[in-house]
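*Asks:* Before I ask anything, here is the structure I am working with.
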Amino acid sequence: MVPCDHPLCDPRICIENACHYSLIYADGDYTRVILSSDMFTFPVHDGVVAHFANPTENQQIPTLGIKFLDAYLDLGSHRVFKLVSENIYFMFIKPTSSEEDANILGAIQQQDYRFLFDVGVGVMEFVPEKCQSN
């Protein structure tokens with residue numbers, strides 16, 4: 017959780033030293049959230065964040081799973097890495113320049129997942145879904 021004195025919290029509401037915020041949508045629905053921040057570290061090769069591999073039949077590209085509260089988002093490897101040339105993979109997640117910057121899950125990571133928020137009981141879920149059929 018992001019503490020009240022963190023730059024990302026301003027001008028949010030603080031409850032028990034945790035930064036909270038609410039969003040109200042045009043149809044009257046709303047979302048209440050506890051703001052949190054995580055840092056991921058990946059190797060840098062020649063100034064570029066990347067994963068270099070020489071895959072064999074038994075070696076796989078790394079996967080990534082992210083846990084938000086008690087919800088787990090399994091991104092697998094196809095939502096994180098793309099083969100750009102033989103043995104070189106491009107990573108779809110770009111690091112930020114400082115702790116205060118927020119990383120955003122992009123369209124590739126959110127693809128084919130439904131993000132569910134039950135604000136009444138404070139539960140979040142990620143449910144796999146074929147979005148093309150909606």
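For the sequence shown, the residue numbers in our numbering are 17 to 150.
The beta carbon of each residue, even a glycine, is placed where N, CA and C say it ideally should be.
On the premise that Tyr129 lies in contact with Val139, defined as a C-beta separation below 8 Å, what is that separation, rounded to the nearest angstrom?
*Replies:* Val139 to Tyr129, Cβ: 16 Å. No contact.
*Asks:* In terms of residue numbering, what span does the beta strand (DSSP E) encompassing Ala87 cover?
*Replies:* First-last of the beta strand (DSSP E) with Ala87: Ala87 to Gly92.
*Asks:* Quick one: grab the DSSP three-state call for Ile124.
*Replies:* helix
*Asks:* Is the separation between the beta-carbon of Val49 and that of Tyr37 shorter than 8 Å?
*Replies:* yes
*Asks:* With Phe133 as the anchor, note down where its beta strand (DSSP E) starts and where it stops.
*Replies:* Its beta strand (DSSP E) spans residues Tyr129 to Asp134.
*Asks:* Could you give the first and the last residue of the continuous beta strand (DSSP E) run that contains Phe97?
*Replies:* Run containing Phe97: Phe97 to Ser101, per the beta strand (DSSP E) assignment.
*Asks:* State the beta-bridge partners of Val143 as determined by DSSP.
*Replies:* Arg130
*Asks:* Short of 6 Å in beta carbon distance, which residues of its chain neighbour Lys98, apart from the five on each side in sequence? Order them along the chain.
*Replies:* The residues Phe106, in chain order, have a CB closer than 6 Å to that of Lys98 in the same chain once the five nearest residues on each side in sequence are set aside.
*Asks:* Where DSSP assigns a beta bridge to Cys35, which residues make up the other side?
*Replies:* Here Cys35 is bridged, per DSSP, to Cys30.
*Asks:* Sorted by chain position, which residues of the same chain lie with C-beta nearer than 6 Å to Ala87's C-beta, five sequence neighbours on each side aside?
*Replies:* Met140, Glu141 and Phe142
*Asks:* Pull up the DSSP beta-bridge partners for Ile40, would you.
*Replies:* Note: Ile40 sits in a beta bridge opposite Tyr46.
*Asks:* Pick from Pro19, Asp134, Gly92 and Ala123: whose alpha carbon is nearest that of Cys147?
*Replies:* Ala123
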